[in-house]
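Heads up, the thing below is written out as structure tokens.
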Amino acid sequence: MSLNYTVYEAMAVAISHELNDNENWFIGLATGDATIQILSRVPVVGMCLAQLTHAPNSFMAVAGWLMNPVVSEIPTAMETEFGTALQFWRCESRATGYLAARGECDVGFGSAAQIDKYGNCNIVCIGDYYRPKIRLIGPINQPGHFSLFKREVIIVDHEKRNFVDKVDFISGVGYLDGPGAREKAGLPRGGPCLILTDKCIFDFDPETKLVRLKSIHPGVSLEEVIAKTGYTHNWIPDSVPETPAPTDEELRLIREVIDPRAVLIPRS
Amino acid sequence: MPELKEKACTLSEAASLIKDGDRIHIGGFSVHNHPMAFVYELIRRGVKDLTLVGHVSSCEVDILVGAGCVKKVEISYVGLEEHGLAPNYRRAVESGQIELEEYSEPVAFERFACSSRGQSFFTTQEMLGTDIPKYNPKIKEMISPYNGQKYHLVPAADPDWVILHAPMGDKYGNVLFFERKQLPERLDETAGQSCANVIVTVEQIISRSRVMGLSHLNILPRFRTTAIVEAPYGAHPSSFIKLYEQDRGHMGMYARMSRTPEGFKAYLDKYVYGVKTHMEYLNLIGMENLLKCRVVGGTLV
Chain D
15 MSLNYTVYEA MAVAISHELN DNENWFIGLA TGDATIQILS RVPVVGMCLA
65 QLTHAPNSFM AVAGWLMNPV VSEIPTAMET EFGTALQFWR CESRATGYLA
115 ARGECDVGFG SAAQIDKYGN CNIVCIGDYY RPKIRLIGPI NQPGHFSLFK
165 REVIIVDHEK RNFVDKVDFI SGVGYLDGPG AREKAGLPRG GPCLILTDKC
215 IFDFDPETKL VRLKSIHPGV SLEEVIAKTG YTHNWIPDSV PETPAPTDEE
265 LRLIREVIDP RAVLIPRS
Chain S
804 MPELKEKACT LSEAASLIKD GDRIHIGGFS VHNHPMAFVY ELIRRGVKDL
854 TLVGHVSSCE VDILVGAGCV KKVEISYVGL EEHGLAPNYR RAVESGQIEL
904 EEYSEPVAFE RFACSSRGQS FFTTQEMLGT DIPKYNPKIK EMISPYNGQK
954 YHLVPAADPD WVILHAPMGD KYGNVLFFER KQLPERLDET AGQSCANVIV
1004 TVEQIISRSR VMGLSHLNIL PRFRTTAIVE APYGAHPSSF IKLYEQDRGH
1054 MGMYARMSRT PEGFKAYLDK YVYGVKTHME YLNLIGMENL LKCRVVGGTL
1104 V
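Heads up: the protein sequence lines correspond to chains D and S, in order.
Per our numbering, residue 15 is the first one in the first sequence, and the count goes up by one each step.
Per our numbering, residue 804 is the first one in the second sequence, and the count goes up by one each step.
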């Protein structure tokens, strides 16, 4: 089957469907060019699409500080958080960030090297903390995304090693070890709502708090998702719907209005 | 009339103030505004056993760790943004060569504000449920006597020395920042107020009379500073917001060479040990590369 859109366009559309009007959204910096693509460029398109279709009263903070920038005029591909080109990017406000501890931020976007069956995330180390096999970047702002924001959209390349039963280090708090654990830990609110990959979308069972498959992107088979997912619990429901394909109007908005120069999402 | 004390000195004189085992904060944020000329001088002097207390770091921590100057790092992030993981830091942590004390990013910021207020600790809820306190015994837990909720206590940063790179200042140690400050510059301002011993490198030393006409920009008046050093392009290869961009070509080369200890040694031999002064370093980088990074009009936005 040949599709008339790219996987990044489909992911941006899926993000837009998760966002509501009158919300505040946040993305910070990412490390490594592949992560910048899925964690910065794709969500910016998704947020912008939501604003154009159903969420005009929302605010997005891009690179942590540019609020409601004129996305079609984006001067660079957002390689760095305070690059000079970004300083010249027109936006609605740059004076203030969200008061996350007051609960002003509704949705954050994050990624991780490991995401476990309860949605706990790890960007600190693979293996033993004191003698890790791979040392990663460190917690940076991930704890706050999962404790002070109202919900977190996790975006990750669909590789088997990213989906584990238990993370080696919890830097983003999912549902810990099950129902009631977040409350017991004293967390004021929040937690992950979705895991979006290039193959499918996962969400969380409201009863067990376990990761479950929510939908598979058009053109992807269940076998392919199973082969690339490391979870050992029962994460596949009896019937799995297809992720809604982008509509012609959504594709037009992305290609003609949001990203006319294909800076954020390559056309092919 | 008695004379004002002059605080302008050479990079070498300023770096000699830092002793083995000191607890220092190096200014800047991520790949921006690091006092790299000073960092290179520390490496040339062979300083050892430093504790680096910071928040979001890149090349400045990676190169000091790789050069064997560091015992411990207190931090929320060390990475090279688009250039990937920090290779020397990664090797040192994986081999157990350095000790870590980790915090989340806003908490790491707040530790400096806490010092600037003269307080010993503050409270936060954002690291609840994470494994950070499990491996960081400095973080304690308490129940608020006011609302009954669980909080973490976090100690102030309390560095022995703060080293910053700023746009300009006079030879008496007044330091001027640009009027509109973004996160990296605001963090530097707070860090400059968190410690009694502040060393600042500046793009240019200007006259006292010009400082008196720009007093609204004098964020670190001379009573706060210990030494001031003129170091044009002193943040290279990190960016200096409003004046020059990150040298992406150089940073990419640093990341590639540092993938192996041998490659990193070749980098150090050429760019740090191979030059005696900051001017020699700038000549090695070359006029064309420096001009490519320049941002004309960066102060206007």
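Built from N, CA and C at the ideal position, the CB exists for glycine as well.
Check whether the Cβ atoms of residue i and residue j lie closer than 7 Å to each other.
| i | j | result |
| --- | --- | --- |
| residue 249 (chain D) | residue 225 (chain D) | yes |
| residue 817 (chain S) | residue 1030 (chain S) | yes |
| residue 153 (chain D) | residue 947 (chain S) | no |
| residue 959 (chain S) | residue 918 (chain S) | yes |
| residue 1060 (chain S) | residue 1005 (chain S) | no |
| residue 892 (chain S) | residue 934 (chain S) | no |
If we ignore side chains and look at the alpha-carbon of each, how far apart do residue i and residue j end up?
| i | j | result |
| --- | --- | --- |
| residue 222 (chain D) | residue 102 (chain D) | 47 Å |
| residue 258 (chain D) | residue 245 (chain D) | 25 Å |
| residue 1098 (chain S) | residue 122 (chain D) | 32 Å |
| residue 896 (chain S) | residue 1093 (chain S) | 33 Å |
| residue 832 (chain S) | residue 859 (chain S) | 5 Å |
| residue 925 (chain S) | residue 957 (chain S) | 5 Å |
| residue 184 (chain D) | residue 1014 (chain S) | 49 Å |
| residue 814 (chain S) | residue 214 (chain D) | 55 Å |
| residue 845 (chain S) | residue 907 (chain S) | 28 Å |
| residue 916 (chain S) | residue 200 (chain D) | 25 Å |
| residue 1066 (chain S) | residue 945 (chain S) | 48 Å |
| residue 854 (chain S) | residue 88 (chain D) | 40 Å |
| residue 162 (chain D) | residue 929 (chain S) | 6 Å |
| residue 1027 (chain S) | residue 132 (chain D) | 49 Å |
| residue 268 (chain D) | residue 198 (chain D) | 43 Å |
| residue 195 (chain D) | residue 189 (chain D) | 6 Å |
| residue 106 (chain D) | residue 76 (chain D) | 12 Å |
| residue 97 (chain D) | residue 204 (chain D) | 31 Å |
| residue 807 (chain S) | residue 1012 (chain S) | 14 Å |
| residue 253 (chain D) | residue 247 (chain D) | 17 Å |
Check whether the Cβ of residue i lies closer than 7 Å to any Cβ atom in chain S.
| i | result |
| --- | --- |
| residue 183 (chain D) | yes |
| residue 101 (chain D) | yes |
| residue 152 (chain D) | yes |
| residue 110 (chain D) | no |
| residue 46 (chain D) | yes |
| residue 96 (chain D) | yes |
| residue 201 (chain D) | yes |
| residue 118 (chain D) | no |
| residue 155 (chain D) | yes |
| residue 161 (chain D) | yes |
So, with DSSP's three-state summary, where would you put residue i?
| i | result |
| --- | --- |
| residue 243 (chain D) | coil |
| residue 115 (chain D) | helix |
| residue 226 (chain D) | strand |
| residue 197 (chain D) | helix |
| residue 836 (chain S) | coil |
| residue 862 (chain S) | helix |
| residue 81 (chain D) | strand |
| residue 238 (chain D) | helix |
| residue 953 (chain S) | strand |
| residue 1077 (chain S) | coil |
| residue 1093 (chain S) | helix |
| residue 185 (chain D) | coil |
| residue 1030 (chain S) | strand |
| residue 930 (chain S) | coil |
| residue 971 (chain S) | strand |
| residue 1004 (chain S) | strand |
| residue 958 (chain S) | strand |
| residue 92 (chain D) | coil |
| residue 262 (chain D) | helix |
| residue 17 (chain D) | coil |
| residue 883 (chain S) | coil |
Residue i CB to nearest chain D CB: under 7 Å?
| i | result |
| --- | --- |
| residue 893 (chain S) | yes |
| residue 1050 (chain S) | no |
| residue 1040 (chain S) | no |
| residue 835 (chain S) | yes |
| residue 933 (chain S) | yes |
| residue 875 (chain S) | no |
| residue 896 (chain S) | yes |
| residue 930 (chain S) | yes |
| residue 985 (chain S) | yes |
| residue 909 (chain S) | yes |
Item checked: Given 8 Å, three or more beta-carbon pairs between the stretch 1010-1026 of chain S and the stretch 1048-1062 of chain S -> Counting C-beta pairs closer than 8 Å gives fewer than three between the stretch 1010-1026 of chain S and the stretch 1048-1062 of chain S, which falls short of the contact rule.
Checklist line | Sufficient close CB pairs (3 or more, under 8 Å) joining the stretch 274-282 of chain D to the stretch 991-1003 of chain S | finding: Below 8 Å, too few C-beta pairs join the stretch 274-282 of chain D and the stretch 991-1003 of chain S to call them touching: fewer than three.
Margin query: Counting beta carbon pairs with one atom in the stretch 15-23 of chain D and one in the stretch 75-86 of chain D, are three or more of them shorter than 8 Å?
Written below: Contact fails: fewer than three Cβ-Cβ distances are below 8 Å.
Margin query: Check whether the stretch 173-181 of chain D and the stretch 234-243 of chain D touch, using three or more Cβ-Cβ pairs below 8 Å as the test.
Written below: Yes, the stretch 173-181 of chain D touches the stretch 234-243 of chain D.
Notebook entry, point to check: Does the pairing of the stretch 1076-1088 of chain S with the stretch 964-972 of chain S give three or more beta-carbon distances under 8 Å?
Noted result: With a cut-off of 8 Å, the stretch 964-972 of chain S and the stretch 1076-1088 of chain S do not count as touching, because too few Cβ pairs lie within range.
Note to self: Whether or not the stretch 26-39 of chain D and the stretch 61-71 of chain D are in contact is what I'm after, with contact meaning three or more pairs of Cβ atoms, one per stretch, closer than 8 Å; do they touch?
What the structure shows: Flag = yes, the stretch 61-71 of chain D and the stretch 26-39 of chain D touch.
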